[in-house]
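As numbered in numbering that gives the first Met the number 0, residues 0 to 224 make up the sequence shown, in order. Here a beta-carbon is modelled for each residue, glycine too, at the ideal position from N, C-alpha and C.
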Amino acid sequence: MTHPVTIKSTAQITHNVDRLTVERPDGYEFTPGHATDVHVDKPGWEDEDRPFTFTGLTDAPDLEFTIKIYPSHDGVTEQIDRLEAGDRLVLDDPWGTIDYKGKGTFIAAGAGVTPFIAILRDLNAKDQIGGHRLIFTNKSEKDIILKEEWDAMEGLETLYTLTDQPESPHAIGRIDRTFLSQHVADFDQHFYICGPEAFVGDIKSALLDLGAKEDRIVFEDGMDG
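Quick look at the structure:
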């Protein structure tokens with residue numbers, strides 16, 4: 000089923016990430032971590048869609064999306080970057096592979112953090128954020144999505160690592176087996192992974208090699224960072 004909606008507000012939250020707030024269709028429910036396919040309601044774009052994750056709270060009156068913009072792709076995200084309040088989108092029904100299973104570590108690359116936004120906000124709203132950890136890799140500090148919000152969540156442990164900013168006080172380098180062996184003490188916990196397909200595959204393999212249990216690894220790939 001499709002759901003035409005009106006955009007209520009837009010905002011730029013990093014140099015290449017937008018936040019869209021849209022009206023919520025009656026009875027439209029989603030699970031934190033899940034997504035929907037989004038169509039831009041403009042002539043010539045009706046048959047083009049992309050998956051975007053819900054990033055607001057499940058009981059909020061409106062729906063929220065946090066979307067990385069790729070202007071060089073001449074595609075859906077470039078069109079979304081041009082939208083304003085009053086413009087229209089069409090949403091499909093919700094779907095998803097990222098479900099919260101229990102306390103653990105969230106490992107994200109770039110825009111791969113988006114499925115975790117609603118989950119961590121939901122846990123924080125319920126005063127259940129304590130004991131969770133976010134390991135988040137980006138090219139530079141300016142690319143870190145919602146850093147101030149993560150840092151303000153009392154009880155959430157954060158570890159940022161950057162690949163292209165060696166002068167940063169944060170950890171430097173990619174997340175790989177060596178990095179995980181140095182920064183994760185307990186592999187008998189839940190792990191949540193999201194990012195580009197190769198990143199997810201590499202991290203999953205590294206975690207299994209280090210002793211993580213396959214049934215405690217939740218992942219979604221294809222989220223380009």
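Within the stretch 136 to 169, the complete beta strand (DSSP E) segments at least 3 residues long are 156 to 161, listed from N- to C-terminus.
Considering only G109, D126 and A124, the residue with the shortest C-alpha distance to K146 is G109.
Y191 has its alpha-carbon roughly 20 Å from the corresponding atom of P93.
In its chain, beyond the 5 residues on either side, N123 and I128 have a beta carbon closer than 6 Å to the beta carbon of M152. In the assembly as shown, T136 is a buried residue. Its beta-carbon has 16 or more other beta-carbons within 10 Å. Shown here, V183 sits in coil according to DSSP, grouped into three states, outside any helix or strand. Listed in chain order, the non-local C-beta contacts of R120 below 7 Å within the same chain comprise L56, local neighbours out to five positions each way being set aside. D142 sits buried, since 16 or more C-beta atoms from the chains shown fall within 10 Å of its C-beta. Proximity to Y27 across I79, L90, L19 and P42 peaks at L90, based on C-alpha coordinates. A straight line joining the alpha-carbon of P195 with that of G111 spans about 7 Å. In the DSSP assignment, P114 falls within the alpha helix (DSSP H) that extends over T113 to A124.
Distances from the CA of T52 to each of R215, L158 and F115 were compared; the closest alpha carbon is that of F115.
For A205, there is no enclosing beta strand (DSSP E); the enclosing alpha helix (DSSP H) has its first and last residue at E196 to D208.
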